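J.: So the sequence shown is numbered by the working numbering: it starts at 22 and just counts up by one. Glycine is no exception: its CB is placed at the ideal position from the N, C-alpha and C atoms. All of these numbers come straight from a predicted model, not from anything done at the bench.
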Amino acid sequence: MSDSQVLEADIDEIQKILPHRYPFLMIDRVTDIVPGQSAVGIKNVSINEPHFQGHFPSKPIMPGVLIVEAMGQTGGVLVGKSVDLSEDDLLVYFMAMDKCKFRRMVVPGDRLELHVTVKRGGSKKVKIWKFEGVAKVGDEIAAEAEFTAMMDINPE
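1) By how many angstroms is the C-alpha of residue 99 removed from the C-alpha of residue 24?
2) Take the Cβ of residue 165 as the centre, count every other Cβ of all protein chains shown within 10 Å, and call the residue buried at 16 or more, exposed below.
3) Can you tell me which of 46, 160, 156, 175 puts its alpha carbon nearest to the alpha carbon of residue 148?
4) Taking all protein chains shown into account, do 16 or more other C-beta atoms lie within 10 angstroms of the C-beta of residue 39, making it buried, or fewer, making it exposed?
5) Tell me whether residue 131 sits in a helix, a strand or coil according to DSSP, three-state version.
6) Mapping DSSP to helix, strand and coil, what is residue 23?
7) For residue 30, which residues in the same chain have their Cβ closer than 6 angstroms to its Cβ, ignoring the five residues on either side in sequence?
8) Based on DSSP bridge pairs, tell me the residues matched to residue 172.
9) So does residue 32 have its beta carbon nearer than 7 angstroms to some heavy atom of the ligand NAD?
10) Using the rule of at least 16 other Cβ atoms within 10 Å of the residue's Cβ for burial, across every protein chain shown, is residue 137 buried or exposed?
11) Would residue 113 be called buried (16 or more neighbouring beta carbons within 10 Å of its own) or exposed?
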């Protein structure tokens with residue numbers, strides 16, 4: 022796969038790569054995938070999501086930890102597309118989250134863009150990848166974080 026090739030993943034392909042399912046699948050599409058380098062996850066935030074029942078009933082706000090989880094899932098799809106794991110089993114485990122900052126509330130009706138860049142990793146031989154993520158709503162930064170994850174390919 023060429024480094025200059027840009028790919029996408031729709032919900033069907035995301036579900037082939039990630040084991041997450043409702044209500045914990047946090048991304049709807051991944052665009053602008055440059056294998057081994059970067060990707061943009063898309064999350065269409067809806068009032069129908071179960072966390073809004075309790076966070077908070079009178080002022081629904083997407084929990085920051087779920088924004089970071091969505092970044093992680095975007096990173097998992099990036100890994101899957103980078104090492105061509107669309108049909109294989111892949112589990113991604115967070116190992117560290119650093120420099121997390123939340124700058125804007127994310128509310129129902131927002132279109133959250135999760136810009137994820139590989140800082141370390143980039144091949145099938147590497148099990149530990151480090152990423153930088155920036156979550157945006159329009160031109161506004163909602164959250165940012167650095168995170169490290171371990172890839173477990175073909176777990177039993």
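T.: Let me lay it out:
1) The residue labelled residue 24 in the question sits at position 3 within the sequence shown. The residue labelled residue 99 in the question sits at position 78 within the sequence shown. Its pLDDT being 48, under 50, residue 24 is placed unreliably by the model, and the measurement read from it follows with that caveat. Looking at the two C-alpha atoms, the distance is approximately 13 angstroms.
2) Along the sequence shown, read from residue 1 onward, the residue named residue 165 stands at position 144. Counting Cβ neighbours within 10 Å, residue 165 comes out buried, since at least 16 surround it.
3) The sequence position of residue 148 within the sequence shown is 127, counting from 1. Closest option to residue 148, judged by alpha-carbon separation, among 46, 160, 156, 175: 175.
4) Locating residue 39 in the sequence shown gives position 18, counting from the first residue. In this structure residue 39 is buried. Its beta-carbon is surrounded by 16 or more other beta-carbon atoms within 10 angstroms.
5) For this step, residue 131 is matched to residue 110 along the sequence shown. If DSSP states are grouped into helix, strand and coil, residue 131 belongs with coil.
6) Translated into positions along the sequence shown, residue 23 becomes position 2. Here residue 23 scores only 47 on pLDDT, less than 50, and its place in the model should not be relied on; the value that follows carries that caveat. Residue state for residue 23 is assigned as coil, using DSSP reduced to three classes.
7) Mapped onto the sequence shown, residue 30 falls at position 9. So the list reads 51, 98, once near-sequence residues are dropped.
8) The count along the sequence shown starts at 1 and reaches residue 172 at position 151. Looking at the DSSP output, residue 172 sits in a beta bridge with 113.
9) Questions concerning the ligand NAD fall outside what the structure shown contains, since it holds no ligand whatsoever.
10) Your numbering for residue 137 matches position 116 in the sequence shown. Flag for residue 137 reads buried.
11) On the sequence shown, residue 113 is found 92 positions in, with the first residue counted as 1. Classified as buried, residue 113 has 16 or more neighbouring CB atoms from the shown chains inside 10 Å of its CB.
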